[in-house]
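The sequence shown begins at 1 in full-length UniProt numbering and counts up one residue at a time. Here a beta-carbon is modelled for each residue, glycine too, at the ideal position from N, C-alpha and C. Take a look at the structure set out below.
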Amino acid sequence: MNIVVVSGSNVGEKTSIAANKVMNVLKEKYSEENTISILDLKKLSLEFSDGRNYLDYTADTKYVTQSLMNADVIFFGTPIFQASIPASLKNLFDLLPQNAFEYKTCSIITTAGSNKHYLIPEQQLKPILGYMKANIVPNYVYILDTDYDKGTIINDDIHFRIDKLVEDTIILAKAYKDIWSQQEDSYGF
């Protein structure tokens, strides 16, 4: 499978740290049979969506949109700013077609300053992913500022939950892929 990890913010470091933790778990446990890459929006220069087909963009924007369209599994990392996902991540969604995540399994990792925004992934991110036809892993990882120290995640429970999210995502993606393969085989052509 083609697995992509997205760090969906163009500022800060905590989402990138969480995304890299996901990358490390994927590389350690699933690198032999999968292609794994990361898209860190902090290191890429995306154009603002203007309604063009995703194939008509150039440079980093084309690279990012094509990477996501070619993915089988996507882990979306996002901070919560002002009780919402950041504009950089929303712009990324706007660059893609409505059915961009059809037949793709998507997971969510969020970073936030307080527990007050725990339901933002449920209220904002899951509906967007659902609208774009994603197969969404029900659980997600919510990481607080207090779970970090000096550029690392220090909460062992967060490490465990990321490991579990990665495992759940890969299992669901494999099962989903097998079910669709069986369904297509049943058509007999």
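> Nearest to Lys150 by CA position, among Val4, Ile3, Lys14, Ser9, is which residue?
Replying inline: Lys14
> CB-CB under 7 Å to Leu68, same chain, minus the five flanking residues each way: which ones, in chain order?
Replying inline: Closer than 7 Å at Cβ, skipping near neighbours: Val4, Ile74, Leu96, Ala100.
> Exposed or buried, what is Pro138 when buried is set at 16 or more other beta-carbons lying within 10 Å of its beta-carbon?
Replying inline: exposed
> With 16 as the cutoff for other CB atoms within 10 Å, does Ala71 come out buried or exposed?
Replying inline: buried
> Does the count of Cβ pairs from the segment 168-186 and the segment 40-58 closer than 8 Å reach three?
Replying inline: Judged by pairs of C-beta atoms under 8 Å, the segment 168-186 does not touch the segment 40-58, as fewer than three such pairs exist.
> Can you list, in chain order, the stretches of the alpha helix (DSSP H) that have 4 or more residues and sit fully within the UniProt domain "NADPH-dependent FMN reductase-like" (1-146)?
Replying inline: The UniProt domain "NADPH-dependent FMN reductase-like" (1-146) contains these whole alpha helix (DSSP H) runs: 14-30, 59-69, 87-94, 126-131.
> Using the C-alpha atoms, what's the distance from Arg161 back to His117?
Replying inline: 18 Å
> Three or more beta-carbon pairs under 8 Å between the segment 119-139 and the segment 101-111, yes or no?
Replying inline: yes
> How many Å lie between Ala18 and Ile153 at the Cα?
Replying inline: 8 Å
> Alpha carbon to alpha carbon, how far is Pro86 from Lys177?
Replying inline: 31 Å
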